[in-house]
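Numbering (the numbering used here), first residue to last: 21 to 419.
Heads up, the beta-carbon is just placed ideally off N, CA and C, and yes, glycines get one too.
Everything on this sheet refers to the single structure shown next.
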């Protein structure tokens, strides 16, 4: 697999040219400054490529060309935003950038309640705690329907925890949940979130999936004609929060959507960490089922923690080879899929991957690293994954 690295643009604190020391082969990035629903111009794309090439890299994967809330809810601006999306795809194709990752998560692209949870070895990791999330939902956001999302025991635990929080603690929890990582929305207020929640009122899981299929029915044929590969990232975490539906949380969800728009351009981003929060996730089985349509891989691991709800477990970002996902088996399956593609003569036989959501280790610590995207933690993850790939690559006929 091609060993890539997520880079957040000129403001990223890790210099591009230093990534050669890490063994990085390609870059995953986006025009994060462009709001959803707007066009990425040829000039903007070219300028980003110029910066990457000056450091010795190509732009291998777009992550992400975001889907606007108007498209997800089929609001009044939907058609204009779809037109802008197609125009951006045309500009990316003209620049020979062919892999585009996106997601269809309502409002929040990801959710963690603690961005720097202390680990026994002295490092830090991002964590999700359902009771902490209930504190935000019930007592900070004060969502009217929130009471329906939690049991009596969970509501009581949330109230007790909220009362014990300082004002600074409450503000930090709010920032952790709605600020997002680099490249996500980092300026929403509670009022913004409430307004967005209102726009989803009455939209069921089946309807949201239908909206995704409608979007792909328009956009995937365009991508196919341009020689592009779209790949949908799974829900993170893979269960409902804030009463919002989730539609890409399992292998079965991907089957429904990929079969509904059955084109090679309509593909999957395999994120082993997001899907792996679900107890029944089987990484090798996912690759066996959807291998030909996997256009991009996020290789990270999560570890479930016994909490208040088996269906919505607490979890933290584990070291890449130490969480609940069978990373060894998943990498083995991905390498076998590459071998199959090469034998088939596919031009896109090599799957781009990146180590994702590393723990903060050593010089990452101290509050200066970007949560989820530290240098040392991702270096460790890439080194471990590179070892697996080297092993399976050397024994490809046995995979």
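Check                                                                                                                                                             : Outcome
When the Cα atoms are used, what is the spatial distance from residue 422 to residue 334?                                                                         : With the chain covering only 21 through 419, there is no way to say anything about residue 422.
Do residue 93 and residue 220 have their beta-carbon atoms positioned less than 8 Å apart in this structure?                                                      : yes
Just to confirm before moving on: does the CB-CB distance between residue 290 and residue 318 stay below 8 Å?                                                     : yes
Rank 343, 114, 86, 133 by C-alpha distance to the C-alpha of residue 102 and give the top, closest one.                                                           : 86
Suppose the cutoff is 6 Å on Cβ atoms and the five residues either side in sequence are ignored; what does the same chain contact list for residue 156 look like? : 193, 197
Determine the DSSP secondary structure at residue 94, reduced to helix, strand or coil.                                                                           : coil
Applying the 10 Å Cβ sphere with the 16-neighbour rule, what's the burial state of residue 171?                                                                   : exposed
Please say whether residue 303 and residue 349 have beta carbons closer to each other than 8 Å?                                                                   : yes
Answer with buried or exposed for residue 66, where buried requires no fewer than 16 other C-beta atoms within 10 angstroms of its C-beta.                        : exposed
How big is the Cα-Cα spacing for residue 421 and residue 64?                                                                                                      : Absent from the structure is residue 421, since the part of the chain shown begins at 21 and ends at 419.
Measuring alpha carbon to alpha carbon, tell me which residue in 386, 376, 413, 411 is nearest residue 399.                                                       : 376
Determine the contact status of residue 402 and residue 23, defining contact as a CB-CB distance below 8 Å.                                                       : yes
Output the distance between the C-alpha atoms of residue 394 and residue 379, rounded to the nearest integer angstrom.                                            : 7 Å
Helix or strand or just coil, what does DSSP make of residue 347?                                                                                                 : helix
Within 10 angstroms of the Cβ of residue 282, are there 16 or more other Cβ atoms? Answer buried if so, exposed if not.                                           : exposed
Suppose only complete runs of 3+ residues qualify. What are the beta strand (DSSP E) ranges in the stretch 29 to 53, listed by chain order?                       : 46 to 49
Can you name, in chain order, every residue of its own chain whose Cβ lies under 7 Å from the Cβ of residue 11, other than the five neighbours on each side?      : Examination of residue 11 is not possible in this model, given that the chain is present from 21 through 419 alone.
Just checking my contact of residue 359 with residue 301 at CB under 8 Å: how many whole Å lie between their CB atoms?                                            : No, residue 359 and residue 301 are not in contact; Cβ-Cβ is about 24 Å, not under 8 Å.
Taking the alpha carbon of residue 229 as the point to measure from, which residue in 320, 272, 257, 215 has its own alpha carbon closest?                        : 272
Residues in the same chain with beta-carbon distance under 6 Å from residue 373, minus the five sequence neighbours each way, listed in chain order, please.      : 21, 317, 319
Need the endpoints of the alpha helix (DSSP H) that residue 337 sits in, please.                                                                                  : That residue, residue 337, is in no alpha helix (DSSP H); its beta strand (DSSP E) goes 334 to 338.
Return the CA-CA distance between residue 113 and residue 386, expressed in angstroms with no decimal places.                                                     : 41 Å
Can the beta-carbon of residue 246 be found closer than 8 Å to that of residue 53?                                                                                : no
Looking at residue 278: is its Cβ nearer than 8 Å to the Cβ of residue 286?                                                                                       : yes
Please give me, in chain order, every unbroken run of the beta strand (DSSP E) with length at least 3 that falls completely inside the stretch 137 to 207.        : 144 to 148
Where does residue 273 fall in DSSP's three states?                                                                                                               : helix
Could you spell out the range, first to last residue, of the beta strand (DSSP E) harbouring residue 263?                                                         : No beta strand (DSSP E) holds residue 263; DSSP gives it neither H nor E.
Under the assumption that residue 255 contacts residue 125 (Cβ atoms under 8 Å), give the Cβ distance between them as a whole number of angstroms.                : 5 Å
From residue 227 to residue 234, what distance separates their C-alpha atoms?                                                                                     : 10 Å
So the beta strand (DSSP E) residue 288 belongs to, where does it begin and stop?                                                                                 : 286 to 291
Rounded to a whole number of angstroms, what is the C-alpha to C-alpha distance between residue 408 and residue 44?                                               : 16 Å
Can you look up residue 246 in the DSSP assignment and give me helix, strand or coil?                                                                             : helix
Specify, as a first and last residue, the run of the alpha helix (DSSP H) that residue 372 falls within.                                                          : Run containing residue 372: none in the alpha helix (DSSP H); it sits in the beta strand (DSSP E), 372 to 375.
What does the Cβ neighbour count give for residue 144, buried or exposed, with the cut at 16 atoms within 10 Å?                                                   : buried
Straight-line CA distance for residue 182 to residue 190?                                                                                                         : 8 Å
Mapping the DSSP letters down to three states, classify residue 218 as helix, strand or coil.                                                                     : helix
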